[in-house]
Amino acid sequence: MPPPFKQLQPNEVAAFVENYPFSRTITDVHLHHTWRPNHSQYKGASTIKAMYDYHTNTNGWSDIAQHATVAPDGTIWLGRNWNSPPASASGHNGSAAFGPFMIEMIGDFDKGRDVLKDPQLKSVLELIARVQLRFKLPPESLRFHNQMSGKTCPGSSVDRQALLKDLKAQIATITKAMNAPVLRAKAPFSPATLQVCDLARQHGNRDSDNDPANAELQESDSTTLSDLSPNGSYEPANRQRGGDGTELTANTLAALRPHVINLTGGMFSSDGIFTTTPGDVDAIFQQYLPRELAARSEAGQVLRILFYAHGGLVSESNGLKIAAQHIPWWLKNGVYPIYFVWETGLFETVGALLQRIIADILPGGRGARDLWDYTTDPLVERAARALQGVHIWGGMKHHAAMASSSGGGANYTAQQLGKFLAAHSGTSKKPIELHAIGHSAGSIFHSHFLPTALDAANGATFRTVQFMAPAIRVDEFQSRLAGVLGKGIDHLTMFTMKKDFERDDNCMHIYRKSLLYLIHRALEPESETPILGLEESVRNNRELQRLFGLGGTAGTNADIVWSVSSESGATTHGGFDDDAPTMESILRRITGTDSISQPFPVSRGFGDKDLRSWEGQVDWPEGLRMAEQSIAPSSPPSSSSSSYSSQAAVAASAIIVPHAAGTGKRRGLCVGINHYGGNNQLYGCVADAKRWKQVLESLGFQIDLLTDWSATRQGILSSLQQLVAVSQPGDVIVFQYAGHGTQLHDVDGDEATQDERDNLDEALVPIDFDQSACILDDDIAAITAALPERVNLTSFIDCCHSGTATRMLMGGTHAARNTANYRARYMVATPAMEDINREFHSQKAARGIRSRSTATAQRDILFSACSSRQTAKEHGAQGDFTLAATQVLSTLGTGISNDEFLRRTTSSFSGWDDQTPELWCNDLFKHRSLLAPFP
11 MPPPFKQLQP NEVAAFVENY PFSRTITDVH LHHTWRPNHS QYKGASTIKA
61 MYDYHTNTNG WSDIAQHATV APDGTIWLGR NWNSPPASAS GHNGSAAFGP
111 FMIEMIGDFD KGRDVLKDPQ LKSVLELIAR VQLRFKLPPE SLRFHNQMSG
161 KTCPGSSVDR QALLKDLKAQ IATITKAMNA PVLRAKAPFS PATLQVCDLA
211 RQHGNRDSDN DPANAELQES DSTTLSDLSP NGSYEPANRQ RGGDGTELTA
261 NTLAALRPHV INLTGGMFSS DGIFTTTPGD VDAIFQQYLP RELAARSEAG
311 QVLRILFYAH GGLVSESNGL KIAAQHIPWW LKNGVYPIYF VWETGLFETV
361 GALLQRIIAD ILPGGRGARD LWDYTTDPLV ERAARALQGV HIWGGMKHHA
411 AMASSSGGGA NYTAQQLGKF LAAHSGTSKK PIELHAIGHS AGSIFHSHFL
461 PTALDAANGA TFRTVQFMAP AIRVDEFQSR LAGVLGKGID HLTMFTMKKD
511 FERDDNCMHI YRKSLLYLIH RALEPESETP ILGLEESVRN NRELQRLFGL
561 GGTAGTNADI VWSVSSESGA TTHGGFDDDA PTMESILRRI TGTDSISQPF
611 PVSRGFGDKD LRSWEGQVDW PEGLRMAEQS IAPSSPPSSS SSSYSSQAAV
661 AASAIIVPHA AGTGKRRGLC VGINHYGGNN QLYGCVADAK RWKQVLESLG
711 FQIDLLTDWS ATRQGILSSL QQLVAVSQPG DVIVFQYAGH GTQLHDVDGD
761 EATQDERDNL DEALVPIDFD QSACILDDDI AAITAALPER VNLTSFIDCC
811 HSGTATRMLM GGTHAARNTA NYRARYMVAT PAMEDINREF HSQKAARGIR
861 SRSTATAQRD ILFSACSSRQ TAKEHGAQGD FTLAATQVLS TLGTGISNDE
911 FLRRTTSSFS GWDDQTPELW CNDLFKHRSL LAPFP
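Okay, here's the thing in structure tokens:
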């Protein structure tokens, strides 16, 4: 909450909470301590202002982290809008639709420090109780920060059970007073009470911005308000956000707006650090570029427009930071850059993939690094395939294609470019030039964008296209781009490393060659797939030799710059875009002159270690960074490689071999898919999967998460199959899915045995539904048929399979609620989907058949979001079923029966006739404890 900061007295809390205009559903209450300032450092309003300044100026958040701050004297300082998600704990902040209420207690409540006592304790209990009563939450919905992170917050001296006991007493006291008969006052509310009510309405109606979902207040380390001066004022330190020296402040993001197009899954990004809308792209081509063209024309200069696509392993934040570092340099050298920051999520998944390889394939000592070239690299390659690396990489490529397909953000950009060129090409004294750069997987992105742009550009050409360490397959390059060289692309230059440098590179010291080698050997469907950026792939292809002039005759439309040379000094796959010789060579090719107005700034701030690896491109998981630090490179052995390769094969296969004895483990697979594209787009499924993951992990489950492009048909089925394969008697496993469901015509006649006799198969819709078959209930039944005895498999499916959902999609309504802001999780099967399903399943042998109508035959437990004739809905950023079910689970845990869990979840839908969750299981299982081991 920006100054002036408002303060409540303890006796004003009840009226304030009761009259607050909540539009956000509070699901739990998060409790923190500040650590710094402690009690002795508290200076009233100046301390609150210091916290606000630190959170906004240093952390870059839109407001102070917390909703309310309780001071040592018991007063309550108002924080950010209570309808905005807080910056409480990464992955636990919720959304603008639902989530936690965050309270910060001023003090250091670790043992031996400040003591939490009245009047501060009394106000804390009062505020928590009033919020819980407003939203009918149980006392147990109070969560300490240390339940969501490895910190001591809200202090090691604060006992949660003792606090819950006091909280229950406070709630009982309030409830008793609310229910007691009272004499009605003849006078209206007092002026003081009316002022509190007005303050509540004003505070709740303030404009607010949402911060990143992973924003988290770090109470117990040196980043927390260590800049408080003795008088409580804020003295900013000389800090940088991240390791690259670039702060993504509001001013920085605003400066990027004329030059950056942010895409997620190929579509315009609607959340995260930086969003892009079609209107933002319109502004680039209708305002910023015409203004730039006029200025260039007046100066007698050429307008050079550059389209830049970074690699697929670059996170959103790093993509934006790269753009922020590059753009001023381009502009000062006479080039107008447009950067595609395309969020693929690949950095998260590849990081998790390598982390699993370390845990499952290279356990313990990791000491045999002297064998890396002959043992661990082949092992990592095989493990990458076993852990669905092909589908992970394929999903990223799929989204690169979606960006330039109909409805994609890059496609829209290409159309606007065509309109701009048509409107302005004849108005300038100098021609308008087009150029493009693609780094790593950016070459894959441009292999789709450039042909689309040429089609829209009415005869215009790209004067230069320059690829750095291109990760595109040779055959895809030849089919999409080679044919337009000289006919739309005037000249192509490839900057890439010589073979020896490629082999000397590494992927976090886990895979001891470059990313291109990992793609070449493990991430494409066929091992040893030729990759354009690999020297050996170019030299083994006669057409490429002729194209790039490697046979003694210079190429007409293409050339290669090898690194290391005078034109490129990069020695790592991720180092090209931070290498001054490379970037200045690219600039000279674009401008056609050796003159450079300003040298390239090497300002990313990487140390020598970072320049030798690809980690500077990626937001790596912390556990992976720690693992990387424990691995020391060494030399390869002299032994034969063949025996080690066979050992690697055995080790890699070990990850899917069941354990010899039961382990009583709790595992799960959570799946959420939003980015179906077009009219099929959903918005709450990824949040659903993450919410289930959060709740299940709090109950001791180890969860694998598949979202959007990683949730392919093969990815889902393989992960579920592995989950079943490794289970043993006494284990509990969970499968959760949020996304579209559909119905497809039955191809094997098994549905004729069902009560409904509708001759339709129910199916889940994976992200690659337009390329592979949907996931039939029979496919899942074939996997669960192998479920060992005494293994509890419980599924939570938040989608619908009923054609009645089309009524909602077409604008129909139900009597119980207005559906204007709701979306059905149902996709109408197209003829193409039917054809793919028919062709795929007609080739399969007989499958296991599951009959949902004969529940006594089931060995698993399934909760569905609705009946087979109803619609599973989402609104805001969450599915209705998921919201209700996870609230019950997080509140009551697993101490209730499956039947009781269904009853309590269904009560959230009381009075609605359009969505009734259901439980499918053997009658015996209905009365067993939820998510409990089978006896």
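The sequence shown begins at 11 in this note's numbering and counts up one residue at a time.
From the three backbone atoms N, C-alpha and C, an ideal C-beta is built for every residue, glycine too.
From a predicted model like this one, the values you see are computed outputs, not experimental measurements.
Exercise. Between residue 833 and residue 696, what straight-line distance do the alpha-carbon atoms span, to the nearest angstrom?
Worked result: Mapped onto the sequence shown, residue 833 falls at position 823. Mapped onto the sequence shown, residue 696 falls at position 686. Cα-Cα distance, rounded: 15 Å.
For this session: State buried or exposed for residue 185, treating a residue as buried only when at least 16 other CB atoms are found within 10 Å of its CB.
Result: Within the sequence shown, residue 185 is the residue found at index 175, counting from 1. Label assigned to residue 185: exposed.
Exercise. Considering only the beta carbon of each residue, do residue 448 and residue 718 sit closer than 8 Å?
Worked result: Along the sequence shown, one-based indexing puts residue 448 at 438. Along the sequence shown, one-based indexing puts residue 718 at 708. In this structure, residue 718 does not lie closer than 8 Å to residue 448 by Cβ.
Exercise. Given a threshold of 16 other Cβ atoms within 10 Å of its Cβ, counted over all protein chains shown, does residue 734 qualify as buried or as exposed?
Worked result: As a working mapping, residue 734 is identified with position 724 in the sequence shown. Under this definition residue 734 is a buried residue.
Problem set entry | Local conformation of residue 771 per DSSP, three classes | Here the question's residue 771 lines up with position 761 in the sequence shown. Three-state DSSP puts residue 771 in a strand.
Exercise. Thinking just about the alpha-carbon of each residue, which of 183, 420 and 446 is nearest to the one in residue 6?
Worked result: The question about residue 6 has no answer here: the residues shown for the chain are numbered 11 through 945.
For this session: Just grab the DSSP bridge partners of residue 1022 for me.
Result: Examination of residue 1022 is not possible in this model, given that the chain is present from 11 through 945 alone.
Exercise. Mapping DSSP to helix, strand and coil, what is residue 543?
Worked result: Your numbering for residue 543 matches position 533 in the sequence shown. Here residue 543 sits in coil by DSSP.
Exercise. Excluding sequence positions up to five away, which residues of its chain have a Cβ less than 6 Å from the Cβ of residue 731?
Worked result: Taking the sequence shown and counting its residues from 1, one reaches residue 731 at position 721. Excluding positions up to five away in sequence, the list reads 793.
Problem set entry | Run of the alpha helix (DSSP H) containing residue 154, from where it starts to where it stops | Position 144 of the sequence shown, counted from the first residue, corresponds to residue 154. Per DSSP, residue 154 belongs to no alpha helix (DSSP H); it is in the beta strand (DSSP E), 152-154.
Exercise. What does residue 272 pair with, by DSSP beta-bridge criteria?
Worked result: Counting from one through the sequence shown, the residue named residue 272 turns up at place 262. Residue 272 is bridged to 351.
Exercise. With burial defined as no fewer than 16 other Cβ atoms inside 10 Å of the residue's Cβ, what is the status of residue 169: buried or exposed?
Worked result: Counted from its first residue, the sequence shown places residue 169 at position 159. It is exposed - the Cβ of residue 169 has fewer than 16 other Cβ atoms within 10 Å.
Problem set entry | Beta-carbon gap between residue 302 and residue 346 smaller than 8 Å | For this step, residue 302 is matched to residue 292 along the sequence shown. For this step, residue 346 is matched to residue 336 along the sequence shown. Yes, Cβ-Cβ distance for residue 302 and residue 346 is below 8 Å.
For this session: Kindly indicate which residue of 466, 90 and 118 has the alpha-carbon position closest to the one of residue 51.
Result: Counted from its first residue, the sequence shown places residue 51 at position 41. Measuring from the Cα of residue 51, the nearest candidate turns out to be 118.
For this session: Check each candidate in 78, 340 and 189 and name the one with the smallest Cα separation from residue 611.
Result: As a first step, residue 611 is located in the sequence shown; it is residue number 601 there, counting from the start. With distances taken between Cα atoms, residue 611 lies closest to 340.
Exercise. Got a sec? Which residues, its chain only, sit under 7 Å from residue 935 by beta carbon, not counting five neighbours each side?
Worked result: Taking the first residue of the sequence shown as 1, we reach residue 935 at position 925. Correct list, in chain order: 871 and 908.
For this session: Report yes if the C-beta distance between residue 181 and residue 212 is below 8 Å; otherwise report no.
Result: Taking the sequence shown and counting its residues from 1, the one referred to as residue 181 is at position 171. Taking the sequence shown and counting its residues from 1, the one referred to as residue 212 is at position 202. Not in contact: residue 181 and residue 212 (Cβ atoms no closer than 8 Å).
Exercise. With distances taken from CA atoms, which of 294, 289 and 270 is nearest residue 283?
Worked result: By 1-based counting over the sequence shown, the position of residue 283 is 273. Measuring from the Cα of residue 283, the nearest candidate turns out to be 270.
Exercise. Which full runs of the beta strand (DSSP E) of 3+ residues lie inside the stretch 407-471, going along the chain?
Worked result: 442-449
Problem set entry | Sufficient close CB pairs (3 or more, under 8 Å) joining the stretch 436-446 to the stretch 391-405 | No contact exists between the stretch 436-446 and the stretch 391-405.
For this session: With DSSP collapsed to three states, give me the class of residue 389.
Result: On the sequence shown, position 379 is the one that residue 389 refers to. Residue 389: helix per DSSP, three-state reduction.
Exercise. Thinking C-alpha only, which one of 894, 567, 138 and 166 is nearest residue 125?
Worked result: As a first step, residue 125 must be located in the sequence shown, where it is residue number 115. Its Cα nearest to that of residue 125, the residue 166 stands out among 894, 567, 138 and 166.
Problem set entry | Residues near residue 556 in its chain [Cβ-Cβ closer than 6 Å; skip 5 each side] | As a working mapping, residue 556 is identified with position 546 in the sequence shown. None.
Exercise. By how many angstroms is the C-alpha of residue 598 removed from the C-alpha of residue 605?
Worked result: The residue you call residue 605 lines up with position 595 of the sequence shown. The residue you call residue 598 lines up with position 588 of the sequence shown. Cα to Cα, residue 605 sits roughly 7 Å from residue 598.
Problem set entry | Pick from 352, 113 and 484 that is closest to residue 6, judged by C-alpha positions | With the chain covering 11 to 945 only, the question about residue 6 has no answer from this structure.
For this session: For residue 519, name the three-state secondary structure that DSSP assigns.
Result: Against the sequence shown, residue 519 aligns to sequence position 509. Reduced to three states, the DSSP call for residue 519 is coil.
For this session: From the DSSP output, in three-state form, read off residue 402 for me.
Result: Here the question's residue 402 lines up with position 392 in the sequence shown. In the structure shown, residue 402 sits in a helix (DSSP, three-state: H, G or I).
For this session: Pick out whichever of 116, 99, 59 and 94 has its Cα sitting closest to the Cα of residue 106.
Result: Numbered from its first residue, the sequence shown carries residue 106 at position 96. Nearest of 116, 99, 59 and 94 to residue 106, Cα basis: 94.
Exercise. Candidates 942, 583 and 544: which alpha carbon is nearest residue 711's?
Worked result: Position 701 of the sequence shown, counted from the first residue, corresponds to residue 711. Considering only alpha carbons, the answer is 942.
Problem set entry | Beta carbon of residue 34 nearer than 8 Å to that of residue 108 | Position 24 of the sequence shown, counting from 1, holds the residue named residue 34. Position 98 of the sequence shown, counting from 1, holds the residue named residue 108. Result yes, Cβ atoms of residue 34 and residue 108 sit closer than 8 Å.
Exercise. Does the distance from the CB of residue 582 to the CB of residue 515 come in under 8 Å?
Worked result: Translated into positions along the sequence shown, residue 582 becomes position 572. Translated into positions along the sequence shown, residue 515 becomes position 505. For residue 582 and residue 515, yes; Cβs fall inside 8 Å.
Exercise. How would you label residue 465, buried or exposed, when you count the other beta carbons within 10 angstroms and need 16 or more for buried?
Worked result: Counting from one through the sequence shown, the residue named residue 465 turns up at place 455. So residue 465 ends up on the exposed side.
Exercise. Smallest Cα separation from residue 572: which of 562, 558, 566 and 563?
Worked result: Residue 572 sits at position 562 when you count from the first residue of the sequence shown. Minimum Cα distance to residue 572 is reached at 558.
For this session: Pull up the distance between the alpha-carbon of residue 281 and that of residue 187, whole angstroms please.
Result: On the sequence shown, residue 281 is found 271 positions in, with the first residue counted as 1. On the sequence shown, residue 187 is found 177 positions in, with the first residue counted as 1. Roughly 44 Å between the two C-alpha positions.
Problem set entry | Residues near residue 925 by beta carbon distance below 8 Å, same chain, minus five either side | Taking the sequence shown and counting its residues from 1, one reaches residue 925 at position 915. Within the same chain, residue 925 has close Cβ partners 875, 876, 880, 881, 882, 883, 890, 891 and 919.
For this session: Give the C-beta separation of residue 680 and residue 746 to the nearest angstrom, bearing in mind that I take them to be a contact with Cβ-Cβ under 8 Å.
Result: Taking the first residue of the sequence shown as position 1, residue 680 is located at position 670. Taking the first residue of the sequence shown as position 1, residue 746 is located at position 736. That belief holds up - the Cβ atoms of residue 680 and residue 746 are roughly 5 Å apart, short of 8 Å.
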